[in-house]
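Quick notes on the structure that follows.
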Amino acid sequence: MTAPGDRLGPTLFERSRPGRGGGKVPHPPKGALARIPASQLRADGPRLPEVSEPELTRHYVNLSRLNYSVDSGFYPLGSCTMKYNPKIDEWAARLNGFAALHPLAPDDLAQGTLQLLWELEQALAEIGGMQAVTLQPAAGAQGELTGILMTRAYHRSRGEVERTEVLVPDSAHGTNPATASMAGFKTVSIPSAADGGVDVEAFRAALGPRTAAVMITNPSTLGLFEARLGELLAAVHKVGALAYMDGANLNAIMGRFKPGEAGFDVMHFNVHKTFSTPHGGGGPGAGPVGVGEKLLPFLPSPRVLREPDGRFKLEAEGERATSIGRVRAFVGNTGVLVRAYAYIRAHGGSGLCEVSDDAVLAANYLKARLRDVLDVPFDRPCMHEFVASSATLKAQTGIRTLDVAKRLIDYGFHPPTIYFPLTVEEALLIEPTETESIETLDSFVTAIERIVEEAHSDPELLHSAPHNSPVRRLDETMAARQPNLRWQAMTGGQTPCPE
Amino acid sequence: MPYGPHTPEDRARMLEVIGVDAVDDLFADIPQSLRTSGLGLPPPESEAELSAHLLKLAAANRVDLVSFLGAGAYSHFVPAVVDQLLLRSEFYTAYTPYQPEISQGTLQTIYEYQSLLAELTGLDVVSASHYDGATATAEGALMACRATRRERVLVSRGVHPHYRQTLCTYFGGASLVADEIPLLADGTAAGTTAAGTTDLAALERMLADVDRPIAGVVVANPSFFGLLEPMAEIGRLAHAAGALFVAVVEPVSLAVLATPGDYEADIAAGEGQPLGMPLAYGGPYLGILACREALVRQIPGRLVGMTADVDGRRAFVMTLRAREQDIRREKASSNICTNQALCALAAAMYLAAIGPHGLRDVAALGAARATELELALAAAGAPRLHPGPYLNEFAVRVPGAPEVHRRLLEHGVLAGLPLARVIPDDPSFADALLVCATETTTSEDIAAFATALAALVAEPQVGVR
Chain A
1 MTAPGDRLGP
11 TLFERSRPGR
21 GGGKVPHPPK
31 GALARIPASQ
41 LRADGPRLPE
51 VSEPELTRHY
61 VNLSRLNYSV
71 DSGFYPLGSC
81 TMKYNPKIDE
91 WAARLNGFAA
101 LHPLAPDDLA
111 QGTLQLLWEL
121 EQALAEIGGM
131 QAVTLQPAAG
141 AQGELTGILM
151 TRAYHRSRGE
161 VERTEVLVPD
171 SAHGTNPATA
181 SMAGFKTVSI
191 PSAADGGVDV
201 EAFRAALGPR
211 TAAVMITNPS
221 TLGLFEARLG
231 ELLAAVHKVG
241 ALAYMDGANL
251 NAIMGRFKPG
261 EAGFDVMHFN
271 VHKTFSTPHG
281 GGGPGAGPVG
291 VGEKLLPFLP
301 SPRVLREPDG
311 RFKLEAEGER
321 ATSIGRVRAF
331 VGNTGVLVRA
341 YAYIRAHGGS
351 GLCEVSDDAV
361 LAANYLKARL
371 RDVLDVPFDR
381 PCMHEFVASS
391 ATLKAQTGIR
401 TLDVAKRLID
411 YGFHPPTIYF
421 PLTVEEALLI
431 EPTETESIET
441 LDSFVTAIER
451 IVEEAHSDPE
461 LLHSAPHNSP
471 VRRLDETMAA
481 RQPNLRWQAM
491 TGGQTPCPE
Chain B
500 MPYGPHTPED
510 RARMLEVIGV
520 DAVDDLFADI
530 PQSLRTSGLG
540 LPPPESEAEL
550 SAHLLKLAAA
560 NRVDLVSFLG
570 AGAYSHFVPA
580 VVDQLLLRSE
590 FYTAYTPYQP
600 EISQGTLQTI
610 YEYQSLLAEL
620 TGLDVVSASH
630 YDGATATAEG
640 ALMACRATRR
650 ERVLVSRGVH
660 PHYRQTLCTY
670 FGGASLVADE
680 IPLLADGTAA
690 GTTAAGTTDL
700 AALERMLADV
710 DRPIAGVVVA
720 NPSFFGLLEP
730 MAEIGRLAHA
740 AGALFVAVVE
750 PVSLAVLATP
760 GDYEADIAAG
770 EGQPLGMPLA
780 YGGPYLGILA
790 CREALVRQIP
800 GRLVGMTADV
810 DGRRAFVMTL
820 RAREQDIRRE
830 KASSNICTNQ
840 ALCALAAAMY
850 LAAIGPHGLR
860 DVAALGAARA
870 TELELALAAA
880 GAPRLHPGPY
890 LNEFAVRVPG
900 APEVHRRLLE
910 HGVLAGLPLA
920 RVIPDDPSFA
930 DALLVCATET
940 TTSEDIAAFA
950 TALAALVAEP
960 QVGVR
């Protein structure tokens, strides 16, 4: 067991003292559990920590200060769209009418939320150029699974059970191949072309009667629009396969490109990226899925429906036999969807177009400023993000992308996504988003310039970075070899319950 | 654009540095034939207009009724300190702690969450979170298949119907099989109180089929119908057949009920919403997934471990990452990436705020209120459907339950869930309401329900369907 340094505080468990805390709920009457057989009861109460409210507050406030966050600074984590999260969205999700509504409340009691969900579906369908949208998936990866399961159901409904393969470019997020496996498909990885785009010829060669779907991230994980997309989609449809668009990078193209109109059959949205619902330290997000005509019958149940009289309702249990079924309990991460709805209304159609324009403008500006400092492998206009590389720097100085990233922490920035995509050596995937000012972008450039200078003048400074963070580089090998995944010595709750 | 910082001068300067005349030039890669122009959405709303609209929508929901509705999502008192601390935007505007040096806040809170849930479930390993109880249950069943290299699980009909349906969706994709274990019907177990619980004789028969070996047995305690299941016996039967035992649990109940560790479950899954999360029409909630140490490399989702930094100081880091999709791609244990970390943080804060005695009080007070509810409803003409032990939720028999439920809304009472709505295929639930009480239920609430119900039951036409 390690001891905390001067920046980390003790754990909740080390703070626990018998008799601290309490007073939150009334005590039950004696014998409240007497009707339950002893064999069904827990022998001892759980050893949860006993802490007072003031200590608890300081515990979490001080922990929060060890985090880097969008609200504390620039967070150019590529493919994650770490834009500002509007405060009115937090306020809205907490309104009692939304927050206190039970998910199985009869439709008559839920008209406000049902209207919101229905309108959000319509807005996303417009943005994606899709026929319909389901809001159920809890995250992008679950959206992918939902979309690929619908694809599977589509082919099976046509008797085409021999379609067992999903084609994925090698630059794709890991969720794409992992999703294909979960949905029972074999992943076929297609190498990218030299210009970073999809290799249409390689796809053509791999497409055939066994192909169920092709999963394309557009713009790609290299931050490039797939210029040969039209050819690719035509080839996919020619062999009877479906085209899935991973919408992780939708922030670049709102209003300028609608996947459904271009020919994609199914896509997911990451509302925690494009529509600025907070990332929550890892979640929750939501991953709505849009579909075209072919997949409409297979949407997960229940759908939100509007009746001719303008009232809203949920589909009844078992109402649509063609549905792939449920992908979760209840109807979705509604609290997250309230935030996305508020974000879309605040921007309106014109504002969302400006979001994409400014996101692309910021990325190209940063790329232009960094072009002479780091390698920029694909030197053509990028979308909302771009790939830089420390390959030359490494050859000259031995400094790797990891060192650059860790040194950025000392300069007060969150590092970009590193070593992804896997297809670029020493990659840094940089996504500034539309909510960062030119002054912030310039200060980031200055930091990178200084780090590159330091790589030549004082490489050890970078090897051992970060120096100013709450902890320094970690022993990840020890963490994996001798996993310590829980506090063993829990002590709370062993004194008799106060009466 | 409401949150954009750029002035016209900023934009002009950026275009100049890039070396293009207009933003349009940056989109030259989009083929002409695929371009669209603009979005058919309403114009932007000012924050004042937007807030008025949202208030109106929120007010169009009815949350003022006296509610006895649970069925997988429960109304509990949440100490004010929980939401105040959740508003620390250093937590909610960060992402997955890929850079541990500047993410120790998130990492330590996840480690503490894992520890708290390990203590509650009596198991060793807890994932950093899944989407909800349903997906955690499905992932738990998939773990059982991977660990045993078998392709079939048995799922009790006492598991929440949404969880069973979700599990079927996940299993269909993976070409795995999920068969249902029936429940003991009324009267089949004369002299016992087992009606409505998992049919052990049927389970034993299904486990004995050597041609179709079973990977896992999935049973909920309390069941969807609120009943306490013979978990220890089910675990023994499962293990004797070489299957893993997956327990679906409700976390508040674990303050007083025997734990998955006590009855030797291999995997526990459950819905963490009762630990400090609002009902919020279904989410975001918290998928709890826990397992024995031997299964640690099979568990999907993120795990945080304690380690040290180069100076030997305590630090936390995501670990055993070789299970995850960004490393293993198509061979990963799951495709999960974004999880429900902020909900796990809420659960940890709730447990720390309420404390060990407080959590037992919440569970026991819910049980006491439920006893009161049972007596009041029975006196009003709605006796329990099943006789066996329960904690704080149970089904009652009311002739014409869906209609009675609808009529009670007019009296300001949300009388739980008509079971026919979620289990339309089983006539034995046609006349049943599933009701629950928690520590937030008052004697006045119970009296209002019972009085309105008694009046309705006395009306001759209501009972006739």
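Protein chains in written order, with my numbering: chain A, 1 to 499; chain B, 500 to 964.
Glycine included, every Cβ here is placed at the ideal spot set by N, Cα and C.
This structure is a prediction, so every number in the text was calculated from the model and none was measured.
- For N364(A), the three-state secondary structure derived from DSSP is helix.
- Within the same chain, and ignoring the five residues on either side of R820(B) in sequence, the residues whose Cβ sits closer than 6 Å to its Cβ are I826.
- DSSP places K394(A) inside the alpha helix (DSSP H), whose first and last residues are 391-397.
- Pairwise C-beta distances place the segment 580-597 of chain B in contact with the segment 54-64 of chain A, as three or more of them are shorter than 8 Å.
- Among the CB atoms of chain B, one or more fall inside 7 Å of the CB of P284(A).
- For M182(A), the closest Cβ of chain B is nearer than 7 Å.
- Membership of D944(B) in the alpha helix (DSSP H) is indicated by the continuous run 942-957.
- Within the same chain, Cβ atoms closer than 6 Å to the Cβ of H272(A) are found at H279, G285, the five residues on either side in sequence being excluded.
- E460(A) and D403(A) have their C-alpha atoms spaced approximately 10 Å apart.
- Of all alpha-carbon atoms in S181(A), T477(A), V452(A), R369(A), the one lying nearest the alpha-carbon of R407(A) is that of V452(A).
- Interface criterion not met: the Cβ of A646(B) is under 7 Å from no Cβ in chain A.
- When rounded, the separation of the alpha-carbon atoms in A673(B) and A391(A) is 41 Å.
- The beta-carbon of F98(A) is placed less than 7 Å from the nearest beta-carbon of chain B.
- Sequence-distant Cβ neighbours of G143(A) in its own chain, meaning closer than 6 Å and more than five residues away, are P137, H268, G287, V289.
- Burial is judged here by how many other beta carbons sit within 10 angstroms of a residue's own beta carbon; D509(B) has at least 16 and is buried.
- Chain B has no Cβ within less than 7 Å of the Cβ of T81(A).
- Residue pairing by DSSP places D808(B) opposite L474(A) in a beta bridge.
- Pairwise C-beta distances place the segment 734-741 of chain B out of contact with the segment 918-926 of chain B, as fewer than three of them are shorter than 8 Å.
- Annotation note: the segment 368-431 of chain A contains the following uninterrupted alpha helix (DSSP H) runs of length 4 or greater, listed N- to C-terminal: 391-397, 401-410.
- DSSP places L606(B) in the helix class (H, G or I) of the three-state scheme.
- Residue burial annotation: V168(A) is buried, with at least 16 other C-beta atoms found within 10 angstroms of its C-beta.
- For a Cβ distance threshold of 7 Å, residue set G804, M805 of chain B lies close to N484(A), ordered along the chain.
- A direct Cα-to-Cα measurement between A807(B) and N484(A) gives close to 11 Å.
- With 16 or more neighbouring CB atoms inside 10 Å of its own CB, E589(B) falls in the buried class.
- Here H885(B) is not near G657(B), since their CB atoms are 7 Å or more apart.
- Within chain B, the residues whose beta carbon sits less than 8 Å from that of M254(A) are L538, listed in sequence order.
- Spatial neighbours of S752(B) in its own chain (CB-CB distance under 7 Å, excluding positions within 5 residues in sequence) are listed in chain order as P721, A862, L890.
- Runs of alpha helix (DSSP H) with 4 or more residues, each lying fully within the segment 624-672 of chain B, are found at 632-647, 660-672, listed in chain order.
- Residue state for N720(B) is assigned as strand, using DSSP reduced to three classes.
- In the three-state DSSP reduction, N270(A) falls in the coil class, being neither helix nor strand.
- Contact of F928(B) with chain A by beta-carbon distance below 7 Å is absent, the smallest such distance being about 12 Å.
- Distance from the CA of A213(A) to the CA of P421(A), rounded to the nearest whole angstrom, comes to 22 Å.
- Under DSSP, P284(A) shares a beta bridge with no residue.
- In this structure, DSSP gives K294(A) a helical state, which the three-state scheme calls helix.
- For the segment 812-826 of chain B, the beta-carbon criterion of a distance under 9 Å to any beta-carbon of chain A is satisfied by R812, R813, A814, F815, V816, M817, T818, L819, R820, A821, E823, Q824, D825, I826.
- Between L538(B) and E14(A) the beta-carbon gap is near 53 Å, outside 8 Å, which marks them as no contact.
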